[in-house]
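In this note's numbering, the protein residues as written are 763 to 1282.
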Amino acid sequence: MFGRGHFAGFDDDVQPKEKSRFYDRLMEERRSEMEKSRASELLKLAKSKEVKVQYDDRHWSDKPLDQMRDRDWRIFKEDFNISTKGGSIPNPLRSWKESELPPRILEVIDKVGYKDPTPIQRQTIPIGLQNRDIIGVAETGSGKTASFVIPMLVYISTRPPLRDNPELQALGPYAIILAPTRELALQIEQETIKFATPMGYKCVSIIGGHSITDQAFNLRDGAEIVIAAPGRLKDCLERRIIVLSQCTYVVMDEADRMIDMGFEPDVNFILDALPVSNVRNESSFPDFVVESAADQKFRQTIMFSATMPVAVERLAKRYLRNPATVTIGNVGQAVESVEQIVEMISDENRKRTRMLEILQRGFEPPIMIFVKQKKSCDRIALDLKNNGYRSVILHGGKNQEQRESALAQLKDGTADVLVATDVAGRGIDVKDVSLVLNFDMAKSIEDYTHRIGRTGRAGKSGTAITFLGSYDSEVFYDLRQMLLKSSQARIPPELNNHEAALTKPGTFAPKRRNEEVIFN
């Protein structure tokens, strides 16, 4: 042998293919049987390893549940923009069939028409089934109601039935749901009834605007679930119309809104009226322990909020026990399915003219127009009627029957446009709203976010147009920051370059003059 496998006198005369065969025969003759066997085993092992790597690298949607690994769950959460904290968080739901829900509830879910869980439902339902406290932060229209109603029904199914049991009926409901506004409470009631009625459970709402005598009459035979506004529920507790002696499941929807509306004392009063044995006790339960519903020793509290201001954090710290926090998407940001357009208009007459020009573009009803004051609602609604639009009004000055009628007309197509104050900014679920027009800019960026959240719901696209005046300068900075984060936003140059939009309110903007920094 000379060099690398070349025989003297052979190499130049042998063609490449013949040379290759020659060396193969030579190596084959020199290999022992043991070497041949070992080489074959190594080849098979390499191929097996390659197949296994390719198999494990499959997307989570191509794997059965028992083959999911930590990496797959991490990708799953990224795909649905789910983030969690709190420790001992169970894996999210991939589908209803793979859940641990009772067959009876799965049948109801199928009848209601829920094909796949939404992101908030995927993560909060498994946590709720552990009877653990939850803080949920998700955008509007994300399916939050079902995410707390389904675990609630699972819990209630473990309790003794109230029907034909006067002694248990006298102890009050098993669960309460608190909502800041009447409209949101009624909407939650409608959604809850879809699930509760087929299972034989009774659901009663306690809200202002209705006779308290009628509501007491509805509670005469007991109810497993009570949906209430904090003020009216506190009133009923003080009058002994209702007691909460066996209530161990509490939901606070739109908790940030309840705090903003001044309901914090009422919420504290209600939670303090619950059984003492369910009060948080860190000395006996320093760490989170999964409890079965039958042996539950502590109240289960679920809090949903679009933002987490200090007041909400204070409430959570006081009443929630080792909560699991679930966040869907970016907190406080508008969904990407909404196209945001801002127009700088200060003159009221110019606003009205521009509003009619926009409506003539052919936006499909229903359409929602938001204003700041009640009197503006009536004036704009009259302008719309004079121009051939079927409009209805919703604000705090209307009685409950008028408010419910306005929403019903918008939903069934009798009306095309709803003119409303911020009363309709949260919790109102009207399908297929194509346009939200902010005739007046909201007082805060949170209210703006909720307003435009009336469109672009359930995966559909929508448009939000906002008229902005110089008197709205307090929200310029926050609005500009929100628009910059959205890929579907148009920022007018007047806003983009405005001094108030470049500096956060409450801070001093430095000016440079001759290399010296002078503060205003």
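Backbone N, C-alpha and C define an ideal beta-carbon position, used for all residues, glycine too.
- Q1243 is classed as exposed because its beta carbon has fewer than 16 other beta carbons within 10 Å across all chains shown.
- With a 10 Å radius around the Cβ and a threshold of 16 neighbouring Cβ atoms, H1212 comes out buried.
- In terms of CA proximity to G971, R944 leads the group Q952, R944, F957 and M961.
- Remark: C-beta atoms of P1071 and I896 do not approach each other more closely than 9 Å.
- With fewer than three CB-CB distances shorter than 8 Å, the stretch 829-839 does not count as touching the stretch 1060-1080.
- Excluding sequence positions up to five before and after G1231, its CB lies within less than 6 Å of the CB of S1108, all in the same chain and listed in chain order.
- Annotation for A1204: no alpha helix (DSSP H) segment contains it, and DSSP assigns it neither H nor E.
- When secondary structure is reduced to three states using DSSP, I896 falls in the strand class.
- A Cβ-Cβ contact shorter than 9 Å links L1036 with R1061.
- The residue from A908, K1205, L863 and E929 with its alpha-carbon nearest to that of T920 is L863.
- Taken in chain order, the complete beta strand (DSSP E) segments of 3 residues or longer contained in the stretch 1153-1239 are 1153-1156, 1179-1182, 1197-1200 and 1224-1230.
- Per DSSP, M961 lies in no alpha helix (DSSP H) segment and is marked neither H nor E.
- Between the alpha carbons of A978 and E1261 lies a distance of about 56 Å.
- Secondary structure note for M1065: its beta strand (DSSP E) is the uninterrupted segment Q1062 to F1066.
- Spatial neighbours of G905 in its own chain (CB-CB distance under 7 Å, excluding positions within 5 residues in sequence) are listed in chain order as T880, I882 and Q883.
- DSSP places V1005 outside both helix and strand once states are collapsed to three, so it counts as coil.
- Inter-segment contact for the stretch 985-1001 and the stretch 939-959 is present: three or more beta-carbon pairs are separated by less than 8 Å.
- With respect to F957, I1032 sits apart: the two C-beta atoms are not nearer than 9 Å.
- In this chain, the alpha helix (DSSP H) harbouring S909 covers K906 to I918.
- When DSSP states are grouped into helix, strand and coil, M1014 belongs to the strand group.
- Nearest in C-alpha terms to T1115, of all of S1196, F1201 and E1166, is F1201.
- When the alpha-carbon of P960 is set against those of N927, E929 and L915, the nearest one is in L915.
- Per DSSP, the beta-bridge partners of S967 are I989.
- For L940, there is no enclosing alpha helix (DSSP H); the residue is part of the beta strand (DSSP E) that begins and ends at A937 to L940.
- Looking at L1264, R994, I1253 and E1166, the one whose alpha-carbon comes closest to that of E1236 is L1264.
- One Cα belongs to E797, the other to K809, and the distance between them is close to 18 Å.
- If you draw a 10 Å sphere on the C-beta of G984, you find 16 or more other C-beta atoms in it, and that means buried.
- When only Cα atoms are considered, D976 and Q931 end up about 17 Å apart.
- The bridge partners DSSP lists for I867 come to none.
- The C-alpha of I1131 is placed about 33 Å away from the C-alpha of T886.
- In the displayed model, M830 falls within coil according to three-state DSSP, outside both helix and strand.
- Around the beta carbon of R982, fewer than 16 other beta carbons lie within 10 angstroms, which makes this residue exposed.
- If you look at K1136, you'll find it isn't in any beta strand (DSSP E); it sits in the alpha helix (DSSP H) that goes K1136 to N1148.
- In the structure shown, V1029 adopts helical secondary structure according to DSSP, grouped into three states.
- Here C1139 is actually not in contact with V1195; their C-beta atoms are around 17 Å apart, not less than 8 Å.
- Residue range V1072 to Y1081 is occupied by the alpha helix (DSSP H) that includes V1072.
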